[in-house]
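The structure appears below as structure tokens.
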Amino acid sequence: MNDIAQNIYAFYEYVAKTKGINLIAEKGYQVAYSDNNFWLELIFNIDQTIKPETIIENISSDIDNKNYPPYFMAEDSFLNSKHSVILKNQGIVPLKILRGMHLKLNKLQKSEIPSGILLKELSTETELKFFSDIINQDLIPKSSPIDAYFLKKLIDQKQVSIFGLLLNENIVSVALTFVKTNCAGLYFIATPREFRKKGFATILIGQIKNIMFDRKIVSLVLHANNRAFELYKKIGFVHKNNFIIYKKL
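Per this note's numbering, the sequence shown starts with residue 13, numbered consecutively.
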């Protein structure tokens with residue numbers, strides 16, 4: 013399994029365990045689901061040594077018979093257009109593609125921060141509420157928002173840090189990092205609408221790169237949507253693989 017997939021799946025496990033939602037290991041995949049419609053409800057970490065046809069049938073059956081969430085994630089190297097007929101027969105459709113991207117930090121040229129801008133690790137209730145408001149607005153399903161209390165539990169366990177870029181005491185861009193061994197995943201990268209297209213996300217990621225390099229982290233990974241893909245390429249991330257989110261109708 014590559015660094016990108018390892019970090020994403022480890023992050024999902026971490027979130028599920030921190031939140032105390034159900035995390036079940038089925039034969040060939042994991043399932044995270046809750047009784048209160050929490051954000052992370054997903055089938056993931058599919059065992060790619062099992063035939064795709066078998067996995068599709070097992071997931072479809074478990075969704076129907078065990079009341080598992082109707083969403084699952086698979087790398088396109090495992091499930092792709094060759095399996096479209098099988099997926100269609102099971103009532104499964106692709107929803108979106110996330111592009112896995114990777115950046116090595118072993119030869120990092122430090123990023124400078126412009127005058128008047130500060131990077132801060134967010135930790136107070138007010139700061140975490142600001143972060144949750146931004147990601148709930150743009151990145152999290154409206155039916156299952158994340159609150160500041162849960163974010164505080166995430167950062168208390170040290171694998172997660174939440175960073176904010178400040179301009180004149182205003183938070184202008186945010187991101188969450190999750191560290192697993194020597195790899196850090198970037199999640200929930202977001203900028204308030206009034207500060208977009210001003211380069212703040214680029215500055216933020218550059219400063220996070222500096223911090224992770226100083227902490228002896230070897231690589232940064234993320235999964236990008238279409239809107240942000242070109243930005244991350246300019247920063248230096250390399251497109252490695254794709255993750256497809258499917259839904260059983």
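For each residue, glycine too, the CB sits at the ideal point set by N, CA and C.
Being a predicted model, the structure only gives us computed values, none of them experimental.
**OP:** May I ask which residues mark the beginning and end of the beta strand (DSSP E) holding F56?
**Re:** L54 to F56
Subject >> Beta-carbon separation (whole angstroms), F175 vs A187, contact threshold 8 Å >> reply: 5 Å
Subject >> Cβ neighbours of K165 in the same chain (closer than 7 Å, five flanking residues each side left out) >> reply: T30
Original post:
DSSP state of Q102, grouped into three classes?
Top reply: coil
Original post:
Which full runs of the alpha helix (DSSP H) of 4+ residues lie inside the segment 86-155, going along the chain?
Top reply: 96-101 and 137-150
**OP:** Check N194 in the structure and name its three-state DSSP category.
**Re:** coil
**OP:** Kindly indicate which residue of P126, D88 and T136 has the alpha-carbon position closest to the one of G211.
**Re:** P126
Subject >> Selected residue, minimal CA-CA separation from L261, among Q42, E65 and I71 >> reply: I71
Subject >> Residues sharing a beta bridge with I183, DSSP >> reply: L178
**OP:** Within its chain, find whatever has a CB closer than 7 Å to the CB of E38; leave out the 5 residues flanking it on each side and keep chain order.
**Re:** D74
**OP:** With a threshold of 8 Å, establish whether the CB of K141 neighbours any heavy atom of the ligand FMN.
**Re:** Although the ligand FMN was asked about, the structure shown includes no ligands whatsoever.
**OP:** Please go through the segment 191-243 and give each complete alpha helix (DSSP H) segment of 4 or more residues, from N-terminal end onward.
**Re:** 212-226
Subject >> Pairwise C-alpha distance: F190 and E124 >> reply: 23 Å
**OP:** Identify the continuous beta strand (DSSP E) that holds F255 and give its terminal residues.
**Re:** V250 to K260
Original post:
Mind checking whether I183 and F143 have CB atoms under 9 Å apart?
Top reply: yes
Original post:
Between Q102 and F23, what straight-line distance do the alpha-carbon atoms span, to the nearest angstrom?
Top reply: 29 Å
Subject >> For L178 and K122, believed in contact at Cβ under 8 Å, the rounded distance >> reply: Contact doesn't hold; Cβ gap of about 19 Å is too wide.
**OP:** For the beta strand (DSSP E) holding Y80, just list the boundary residues, first then last.
**Re:** Neither: Y80 is in no beta strand (DSSP E) and is coded neither H nor E.
Original post:
Going by beta carbon distance, what residues of the same chain come within less than 8 Å of I229, once the five residues before and after it are set aside?
Top reply: L117, V191, N194, C195 and A196
**OP:** Tell me, please, whether the segment 241-258 touches the segment 197-217 by the rule of three or more beta-carbon pairs shorter than 8 Å.
**Re:** yes
**OP:** Count the other C-beta atoms from every protein chain shown that fall within 10 angstroms of the C-beta of L232, then say buried if there are 16 or more, exposed otherwise.
**Re:** buried
Original post:
If you count every other CB in all the chains shown that lies within 10 Å of the CB of D226, and 16 or more means buried, which is it?
Top reply: exposed
Original post:
From the DSSP output, which residues share a beta bridge with E38?
Top reply: Y41
**OP:** With DSSP collapsed to three states, give me the class of S73.
**Re:** helix
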